[in-house]
Amino acid sequence: MLPIQFSGHGVEITQTLHDFVNKKFARLQKHSDKITNIHIFFEVKKLIQMAEATVHIKGHEIFAKAESEDLYKTIDLLVDKLVRQLDKHKGKSESRG
Numbered sequence: 048m049l050p051i052q053f054s055g056h057g058v059e060i061t062q063t064l065h066d067f068v069n070k071k072f073a074r075l076q077k078h079s080d081k082i083t084n085i086h087i088f089f090e091v092k093k094l095i096q097m098a099e100a101t102v103h104i105k106g107h108e109i110f111a112k113a114e115s116e117d118l119y120k121t122i123d124l125l126v127d128k129l130v131r132q133l134d135k136h137k138g139k140s141e142s143r144g
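Note that the numbering used here has the sequence shown beginning at 48, numbered continuously upward.
Here it is as structure tokens:
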């Protein structure tokens with residue numbers, strides 16, 4: 048399981064949310080085995096649910112931000128963005144040899 052730190056403003060980090068995030072973020076392990084730590088920050092501004100994540104991998108950080116009216120959809124969008132960035136980073140690392 049990935050080491051994930053949660054923080055937020057105006058959002059209660061429930062066990063259900065915690066479990067959902069762990070399940071969705073497990074997908075990242077398929078795209079990089081070099082992840083050392085993940086920090087996720089949640090915030091609610093009026094009707095908008097925002098989430099941002101910093102993924103620490105050996106020698107590098109990847110950052111993504113997503114927002115929507117539904118927190119669970121926001122998490123899905125965030126994971127999709129991180130997967131794309133991890134794949135891009137992996138491609139650069141492999142081409143450097």
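Beta carbons: idealized from backbone N, C-alpha and C, even for Gly.
A quick note: this is a predicted structure, and the numbers were derived from the prediction, not measured.
Sorted by chain position, which residues of the same chain lie with C-beta nearer than 7 Å to Ile122's C-beta, five sequence neighbours on each side aside? Hits under 7 Å: Phe67, Val68, Lys71 and Ala98.
In angstroms, rounded to a whole number, what distance separates the CA positions of Gly57 and Lys93? Their backbone Cα atoms lie some 10 Å apart in a straight line.
State the DSSP-derived secondary structure class of Thr63, mapped to helix, strand or coil. The answer is helix: DSSP assigns Thr63 an H, G or I state.
Where the beta strand (DSSP E) containing Gly55 begins and where it ends: Residues Ile51 to His56.
Exposed or buried, what is Phe89 when buried is set at 16 or more other beta-carbons lying within 10 Å of its beta-carbon? Phe89 is buried by the Cβ-count criterion.
Assign Ser79 to one of two classes, buried (16 or more other C-beta atoms within 10 Å of its C-beta) or exposed (fewer than that). Ser79 is buried by the Cβ-count criterion.
Looking only at its own chain, which residues have a Cβ that is under 7 Å from the Cβ of Arg131, when we skip the five neighbours before and after it? Nothing listed; no residue qualifies.
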